[in-house]
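Working notes, beginning with the structure itself.
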Amino acid sequence: MISDDDLQGSDVEFVEPPTDLRKKVRVMSPREAAKFDPVKAAEAALERLSVQFDGWMHRETEQLFADWSIIEAEGLNESTLAQLYNTSHNVKGQAPTLGYPLAGAVAASLCHLVEAVNTPEHLPLTLLRQHVDAIRAIVAEEARDEANPTGAALLHKLQDVTQDYIERTVPVRD
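In this text, residue positions in the sequence shown follow our numbering: the first is 25, and each later residue adds one.
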């Protein structure tokens with residue numbers, strides 16, 4: 025343990041948190057704590073929230089399409105690409121939790137394309153649009169996972185075309 029003497033002359037500052045969170049929670053009795061299952065509590069909380077998952081996923085999809093609409097209106101540039109990427113990255117991360125792992129995989133493919141090519145002028149607008157349309161269709165049709173053969177085929181084709189484009193376009197780094 026560090027003593028006050030060890031800190032003499034050092035540039036250390038102790039910051040007290042503005043709110044003591046211990047005052048915000050109720051301490052369980054030993055009997056309650058023995059019965060408490062944090063995993064079960066988290067699963068129950070997710071179950072309560074799950075009725076909102078479809079709405080959240082639809083809003084993310086609407087945002088992705090809005091980002092695409094801006095690209096169509098203004099063109100693809102650093103700013104419009106960044107917005108499309110950020111929204112697709114959100115979809116990639118949230119879709120599996122919200123029950124749409126297929127949409128998340130398509131969003132991951134879109135993110136991979138943007139990350140690999142990394143310059144707006146070299147990105148194929150048609151392929152970007154196909155990713156956005158695929159995510160919209162998957163969510164609209166509730167093609168949640170690869171048990172949906174059409175959605176799975178769409179995902180795999182997009183992944184193949186994306187990888188092929190990257191391999192043909194992006195120089196190999198040593």
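Ideal Cβ placement from N, Cα and C applies to all residues, glycine included.
Problem set entry | Where residue 101 sits in the DSSP three-state scheme | Start at 1 with the first residue of the sequence shown, and residue 101 comes out as number 77. Coil.
For this session: State the CB to CB distance for the pair residue 168 and residue 123, rounded to an integer number of angstroms; the pair is presumed to be in contact (CB under 8 Å).
Result: Your numbering for residue 168 matches position 144 in the sequence shown. Your numbering for residue 123 matches position 99 in the sequence shown. Contact flag correct, Cβ pair sits at about 6 Å.
For this session: Give the single residue among 109, 116, 103, 150 whose Cα lies nearest to the Cα of residue 185.
Result: Working through the sequence shown from its first residue, we reach residue 185 at position 161. Comparing Cα positions, the closest option is 150.
Exercise. Which of the three DSSP states, helix, strand or coil, is assigned to residue 89?
Worked result: On the sequence shown, residue 89 is found 65 positions in, with the first residue counted as 1. The answer is helix: DSSP assigns residue 89 an H, G or I state.
Exercise. Leaving out the 5 sequence neighbours to the left and right, which residues in its chain are closer than 6 Å to residue 178 when beta-carbon positions are compared?
Worked result: Indexing the sequence shown from 1 puts residue 178 at position 154. Cβ within range, chain order: 158.
Problem set entry | Cβ distance (whole Å) where residue 182 is taken to contact residue 130 below 8 Å | Taking the sequence shown and counting its residues from 1, one reaches residue 182 at position 158. Taking the sequence shown and counting its residues from 1, one reaches residue 130 at position 106. 6 Å between Cβ atoms; contact.
Exercise. What's the C-alpha gap between residue 57 and residue 95?
Worked result: Your numbering for residue 57 matches position 33 in the sequence shown. Your numbering for residue 95 matches position 71 in the sequence shown. Roughly 53 Å separates the two Cα atoms.
Exercise. With a CB to CB cut of under 7 Å and the five nearest residues on each side skipped, what residues in its chain are close to residue 112?
Worked result: Reading the sequence shown from its first residue, position 88 is the one you call residue 112. Correct list, in chain order: 88, 131, 134, 135.
Problem set entry | Any 3 or more C-beta pairs closer than 8 Å across the region 102 to 111 and the region 139 to 153 | yes
Exercise. Between residue 126 and residue 162, is the Cβ-Cβ spacing less than 8 Å?
Worked result: For the purposes of this step, residue 126 is taken as the residue at position 102 of the sequence shown. For the purposes of this step, residue 162 is taken as the residue at position 138 of the sequence shown. In contact: residue 126 and residue 162 (Cβ atoms closer than 8 Å).
For this session: Name the residue from 68, 81, 51, 49 whose alpha carbon lies nearest to the alpha carbon of residue 119.
Result: Position 95 of the sequence shown, counting from 1, holds the residue named residue 119. Checking every option, the nearest Cα to that of residue 119 belongs to 81.
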